[in-house]
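Residue numbers (numbering that gives the first Met the number 0), protein chains in the order written: chain A, 0 to 200; chain B, 0 to 205. Reviewing the structure listed below.
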Amino acid sequence: MLSRLIQLSFVVIIAVELALGRFEWIASAVISLFITFVPNLIKRRISIALPPELTFVIFLALFLHTMGGSLGLYTSTSWWDHLTHSFSAFLVASLGFIGVVIIDKYADSIYLPPRFLSFFIFMLTIAFGVIWEISEFASDQLRGSTMQYSLDDTMVDLMFDIGGGLAVAVMGPFYLLGTSKERFLQEMNIDEAISEIRSKI
Amino acid sequence: MDPRKIEPLLSWIIIIWLIGYVILAFVKLDFWWAMVGIASLLIVSSGMISKLSTFNVMPFELIVILILPLYIHATGYTKSAEDIEAWNTLLSQTSVMTYSVIGMFLIAELMAFTSLKMNRAFAVIFVTVFCLSTSAIWSVFEYLSDLFMGTALIESNYAVMMRFIYSFIGGILMGVFFDIYLRLMPDSRLERFGLNNLREVSAGEG
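See below:
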């Protein structure tokens, strides 16, 4: 229900921005809207059911980013960027965690011992944070936006990313311990999905 | 001249140079680079000093790739103010070489001593991710040093961002390079260096 509201808000944002003739955040809203349809698409085409909480968190991250941007919160509120960054870093770390656990289970040539897994997720989160900063930088250079204000800003973002990555890296294995890899993946219907994908290849 | 005799000798020369480098870095309060120097020292000497490592002697090409950025960094101590910016850029571009060798060494050791297994694609991803995250931590380290110890290591946001871009592209390039490099290495040489584990990665399914 809440997810539907978020999807609706993206449509509203697109409409309002078009009406006002401002184009900076339209791309973001369009892409966000598109992404909100992906989980359902994944479920229908390859039968992987993402946990609903995760889907909602994805929507929320997109919403905070796009809504905040179009409302000018990135410029007016000094901590908005840090908020969305921390949130996104946590999200990316979680998605990376799930992705790596799936690869680990289904690719025979890959096995990642638990502590290496944590270490890798930690690095992956930071790496994504850096890539995010690079895209902000590229956007600033090529489109003259001002997503990166200062060195301090960029650095604080990275420190938040490092913290977020650390949190997921530490929590992840505990989560797996509590629920066992098999059940974790089972709840997402991965088995069925993978066999379907394999049969189609 | 037999390479098997020369290589250990050259390795020892490098080790002595590295010890000097680490001491110099500490004296100059360049702690990040001192740590990188220590890590490099461990890598180069591990095979010869400790029987625990799979490496006997490290291939000299890899040692050169590992050390070159450190050498470039060391030359910075004599640079004048005008040259510093160009030197900094060069360092940002090449430091990924050192980081990637460290990353590769890490995988090799872990694959020898733990149940870690990975394929080619993942190895390239790992090297890229390793270089990216190491650059980020390096930059945060320098930033905090500037903030709390009054150093002036970071010039600008622009310089740091370019460094990240170099790490990203460099990491991918180095990952691919290692993949090709290991596949092209003759088996006998591979065994001499104890790099068989990595060969399995490269020769296995993609």
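Glycine included, each C-beta is placed from N, C-alpha and C at the ideal position.
Requested in this report: Select from the region 87-116 of chain A all residues with a C-beta closer than 9 Å to any C-beta belonging to chain B, and list them in chain order.
Outcome: Of all residues in the region 87-116 of chain A, 102, 106, 107, 108, 109, 110, 111, 112, 114 and 115 have a Cβ within less than 9 Å of some Cβ in chain B.
Requested in this report: With 8 Å as the threshold, decide whether the Cβ of residue 159 of chain A is near any Cβ in chain B.
Outcome: If you number the first sequence from 1, residue 159 of chain A lands on position 160. At a cut-off of 8 Å between beta carbons, residue 159 of chain A makes no contact with chain B.
Query raised in the report: Who are the near neighbours of residue 72 of chain A in its chain, counting only those whose CB is closer than 6 Å to its CB and skipping five residues on each side?
Result: Position 73 of the first sequence, counted from the first residue, corresponds to residue 72 of chain A. Only 79 meet the Cβ criterion.
**Report entry** C-beta neighbour in chain A for residue 117 of chain B, strict 8 Å
**Finding:** Here residue 117 of chain B refers to the residue found at position 118 of the second sequence. Closer than 8 Å to some Cβ of chain A, the Cβ of residue 117 of chain B qualifies, so yes.
Query raised in the report: By Cβ distance below 6 Å, which residues in the same chain neighbour residue 103 of chain B in space, the five residues on each side in sequence not counted?
Result: Your numbering for residue 103 of chain B matches position 104 in the second sequence. Within the same chain, and ignoring the five residues on either side of residue 103 of chain B in sequence, the residues whose Cβ sits closer than 6 Å to its Cβ are 177.
Query - Secondary structure of residue 42 of chain A, DSSP reduced to three states - result: The residue you call residue 42 of chain A lines up with position 43 of the first sequence. If DSSP states are grouped into helix, strand and coil, residue 42 of chain A belongs with the helices.
Query raised in the report: Which residues mark the beginning and the end of the alpha helix (DSSP H) in which residue 156 of chain B is found?
Result: Within the second sequence, numbered from 1, the residue matching residue 156 of chain B stands at position 157. Residue range 156-183 is occupied by the alpha helix (DSSP H) that includes residue 156 of chain B.
Query raised in the report: Which stretch, first to last residue, makes up the alpha helix (DSSP H) that contains residue 133 of chain A?
Result: What you label residue 133 of chain A is simply residue 134 of the first sequence in a count that begins at 1. Per DSSP, residue 133 of chain A belongs to the alpha helix (DSSP H) from 113-142.
Query raised in the report: Within the 8 Å Cβ cut-off, does residue 129 of chain A reach chain B?
Result: As a position in the first sequence, residue 129 of chain A is number 130, starting the count at 1. Against chain B, the CB of residue 129 of chain A has a partner CB under 8 Å away; the residue lies at that interface.
Query - Close-in-space but distant-in-sequence residues of the same chain around residue 131 of chain B (CB under 7 Å, 5 per side omitted) - result: The residue labelled residue 131 of chain B in the question sits at position 132 within the second sequence. Around residue 131 of chain B: 166, 167 and 170.
Query raised in the report: Given a limit of 8 Å on CB to CB distance, which residues of the region 86-119 of chain B reach chain A?
Result: Flagged, chain order: 109, 113, 114, 115, 116, 117 and 118.
Report task. To the nearest angstrom, report how far apart residue 104 of chain A and residue 156 of chain B are at their CA atoms. Result -> By one-based count along the first sequence, residue 104 of chain A stands at place 105. By one-based count along the second sequence, residue 156 of chain B stands at place 157. Cα to Cα, residue 104 of chain A sits roughly 40 Å from residue 156 of chain B.
Query raised in the report: Tell me which same chain residues have a C-beta within less than 7 Å of the C-beta of residue 25 of chain B, skipping the five on either side of it?
Result: Stepping through the second sequence from its first residue, residue 25 of chain B is reached at position 26. Correct list, in chain order: 33.
Query raised in the report: Between which two residues does the alpha helix (DSSP H) carrying residue 78 of chain A extend?
Result: Here residue 78 of chain A is taken as the residue at index 79 of the first sequence, counted from 1. Per DSSP, residue 78 of chain A is not a residue of any alpha helix (DSSP H), being assigned neither H nor E.
Query - Contact with chain B by residue 6 of chain A, beta-carbon distance below 8 Å - result: The count along the first sequence starts at 1 and reaches residue 6 of chain A at position 7. Not closer than 8 Å to any Cβ of chain B, the Cβ of residue 6 of chain A fails to qualify, so no.
Query raised in the report: Just how far apart, CA to CA, sit residue 134 of chain B and residue 18 of chain A?
Result: The residue you call residue 134 of chain B lines up with position 135 of the second sequence. The residue you call residue 18 of chain A lines up with position 19 of the first sequence. Their backbone Cα atoms lie some 43 Å apart in a straight line.
Report task. Classify residue 148 of chain A as helix, strand or coil using the three-state DSSP reduction. Result -> Along the first sequence, one-based indexing puts residue 148 of chain A at 149. Residue state, collapsed to three classes: coil.
Query raised in the report: Would you report the Cα separation of residue 30 of chain A and residue 10 of chain A, rounded to the nearest angstrom?
Result: Locating residue 30 of chain A in the first sequence gives position 31, where the first residue counts as 1. Locating residue 10 of chain A in the first sequence gives position 11, where the first residue counts as 1. If I take the Cα positions, the gap works out to 11 Å.
Query raised in the report: Is any beta-carbon of chain B found at less than 8 Å from that of residue 196 of chain A?
Result: By 1-based counting over the first sequence, the position of residue 196 of chain A is 197. Any Cβ of chain B closer than 8 Å to the Cβ of residue 196 of chain A would place that residue at the interface, and such an atom is absent.
Report task. Measure the alpha-carbon distance for residue 89 of chain B versus residue 96 of chain B and round it to whole angstroms. Result -> Your numbering for residue 89 of chain B matches position 90 in the second sequence. Your numbering for residue 96 of chain B matches position 97 in the second sequence. In this model, residue 89 of chain B and residue 96 of chain B are separated by some 12 Å (Cα to Cα).
Report task. Drop a sphere of 10 angstroms on the beta-carbon of residue 160 of chain A, count the other beta-carbons inside from all chains shown, and report buried for 16 or more, exposed for fewer. Result -> For the purposes of this step, residue 160 of chain A is taken as residue 161 along the first sequence, with counting starting at 1. In this structure residue 160 of chain A is buried. Its beta-carbon is surrounded by 16 or more other beta-carbon atoms within 10 angstroms.
Report task. Output yes or no for whether 8 Å exceeds the beta carbon distance between residue 100 of chain B and residue 152 of chain B. Result -> Counting from one through the second sequence, the residue named residue 100 of chain B turns up at place 101. Counting from one through the second sequence, the residue named residue 152 of chain B turns up at place 153. In terms of Cβ geometry, residue 100 of chain B and residue 152 of chain B do not form a close pair [threshold 8 Å].
Query raised in the report: Does the beta carbon of residue 177 of chain B sit closer than 8 Å to a beta carbon anywhere in chain A?
Result: Taking the second sequence and counting its residues from 1, one reaches residue 177 of chain B at position 178. Not an interface residue.
Query raised in the report: Using a Cβ-Cβ distance under 8 Å, would residue 153 of chain B count as near chain A?
Result: As a first step, residue 153 of chain B must be located in the second sequence, where it is residue number 154. Yes, residue 153 of chain B lies at the interface with chain A (some Cβ there is under 8 Å from its Cβ).
Query raised in the report: Got a sec: which bits of the region 144-173 of chain A sit with their beta carbon under 9 Å from any beta carbon on chain B, in order along the chain?
Result: Those residues of the region 144-173 of chain A that come within reach of chain B (Cβ to Cβ, closer than 9 Å) are 147, 148, 149, 150, 151, 152, 153, 154, 157, 158, 160, 161 and 164.
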